[in-house]
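Note sheet for the following structure.
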């Protein structure tokens, strides 16, 4: 085994390199989804170096590895200052936005139970709330009551307030929503919920590392944080516009007593006492170290600069697309750009753009809010340098033949499902399925298709 170890190592590394090279076509410059990049290689480098230093340290036992406590305290201090928290504000470092939302929902459920209530607790949220919150409700035996949004993509205040009742355990709002990039009217809703003793969670996973710095730059940003009466908890992702390696998020709680409701302790086993502040037990301190290193390296002034670059890029995209006849689907914060062309089939356009190496999302139409189907771009500082190339590519994509008839696919959903399943059509067209098939039926089809992709 020892004699073959070098050959085996080389073979494994070569296999991984081939996998990585196959995805190199989608570099950070071309990604408007899934990847967040400041465009500075030193940011990535310091994150990698920090992760490697703490890769084998286990945050499960923070008494053996106290670096976990030290780094988390430092990150909490930074995050709560940006979210305008108080001395009592505390936070928990998590693996991502989903875990942060799980903990926020768990805290609300435990508070609901502490009041002696035994009915199914309800979360009231606008239809634009992230599906991870709905997943959290599914995990914890809760129900979600969704309320409508207006033409501006924000929660309508009166329907949401009217939906609050005796079984409401939590109100959840977005800052901003991922789909439309707009901040819900937190300052109008949270105080009303507080009057009814209902906690409010603000999901700022998407914009939490952008909005405070845009505000410092002089942009008019609606209040959404702990400066608003009634906001009980906030989630934000460092691995989005904080530009840290993936696996870095945080949930902040206004009050210490509310925060400790999420901590799981078990001292009734023959083994060690288990203490988990988050969902995970064993986890590498590397993610925490990498997040701390990157956030400290960039700092407030660095994030202000990146927010300015995002604004410049967003304006350049909007102006260029307008000259080509595209229309914004909805007005958004600068981190989101949505657009459509009234005379061009969206399926054809999307497929042609994807062939040119651009990665983005398609959004299905929302007729109730008057928002058309559109292309969705998440704008990063790195995109400031590729605006002209994108506009050149989209101009040529407008007239090219994609090889697929969008109208035919919409009229034949079974054919669309078959093509998605066998890989003969790009998965980016999944939202088209949602436009022609009831969501519950689409979920069944998508579950089957996706699981088939992972079958060995």
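In my numbering, the protein residues as written are -3 to 452. Heads up, the beta-carbon is just placed ideally off N, CA and C, and yes, glycines get one too.
Per DSSP, residue 371 lies in no alpha helix (DSSP H); the unbroken beta strand (DSSP E) holding it starts and ends at 370 to 374. Residue 176 carries a coil assignment under DSSP once its states are collapsed to helix, strand and coil. Within its own chain, the residues whose Cβ lies closer than 8 Å to the Cβ of residue 190, once the five positions on either side in sequence are excluded, are 196, 225, 226, listed in chain order. When the Cα atoms are used, residue 68 and residue 289 turn out to be separated by approximately 12 Å. Judged by DSSP in its simplified three-state form, residue 216 adopts coil rather than helix or strand. Straight-line spacing of the CA atoms in residue 193 and residue 427 works out to 38 Å. The Cβ atoms of residue 330 and residue 310 lie closer than 9 Å to each other. For residue 342, DSSP records no beta bridge to any residue. Two segments are said to touch when three or more pairs of C-beta atoms, one from each, lie closer than 8 Å; by this definition the segment 246 to 263 does not touch the segment 25 to 37. Of the candidates 168, 415, 425, the residue whose Cα lies closest to the Cα of residue 372 is 425.
Its Cα nearest to that of residue 90, the residue 259 stands out among 259, 166, 135.
Counting along the chain, residue 248 sits inside the beta strand (DSSP E) bounded by residues 245 to 249. In this model, residue 134 and residue 319 are separated by some 45 Å (Cα to Cα).
Taking the CA atoms as reference points, residue 336 sits about 20 Å from residue 150. When rounded, the separation of the alpha-carbon atoms in residue 87 and residue 72 is 6 Å.
DSSP lists 197 as the bridge partner or partners of residue 168. Here DSSP, grouped into helix, strand and coil, assigns residue 421 to coil.
Taking residue 245 as the centre and dropping the five residues before and after it, the same chain places the C-beta of 90, 92, 93, 96, 233 closer than 6 Å to its C-beta, in chain order.
In the three-state reduction of the DSSP assignment, residue 237 falls in the coil class, being assigned neither a helical nor a strand state.
The beta-carbon separation of residue 230 and residue 219, rounded to 12 Å, does not stay under the 8 Å limit for a contact.
With a cut-off of 8 Å on Cβ pairs, the segment 121 to 128 is in contact with the segment 141 to 160, counting three or more such pairs. Looking at 3, 410, 431, the one whose alpha-carbon comes closest to that of residue 445 is 410.
Distance between residue 293 and residue 241, taken at the CA atoms: about 13 Å. By the beta-carbon neighbour count (other beta carbons within 10 angstroms, threshold 16), residue 147 is exposed.
With respect to the C-alpha of residue 291, the residue from 27, 205, 304 having the closest C-alpha is 205. For residue 253, DSSP records no beta bridge to any residue.
Counted as a single uninterrupted DSSP element, the beta strand (DSSP E) harbouring residue 262 occupies residues 260 to 262. Contact fails between the segment 345 to 361 and the segment 3 to 11, because fewer than three Cβ pairs, one in each stretch, are under 8 Å apart.
About 7 Å separates the beta carbons of residue 313 and residue 375, which is inside the 8 Å limit, making them a contact pair. Judged by their CB atoms, residue 216 and residue 80 are not nearer to each other than the 9 Å cut-off. Only buried fits residue 47, as 16 or more other CB atoms lie within 10 angstroms of its CB. Nearest to residue 74 by C-alpha distance, out of 295, 40, 365, 57, is 295. Within the same chain, Cβ atoms closer than 7 Å to the Cβ of residue 304 are found at 213, the five residues on either side in sequence being excluded.
Distance between residue 42 and residue 19, taken at the CA atoms: about 23 Å. Residue state for residue 116 is assigned as coil, using DSSP reduced to three classes.
Counting along the chain, residue 139 sits inside no alpha helix (DSSP H); it lies in the beta strand (DSSP E) bounded by residues 139 to 143.
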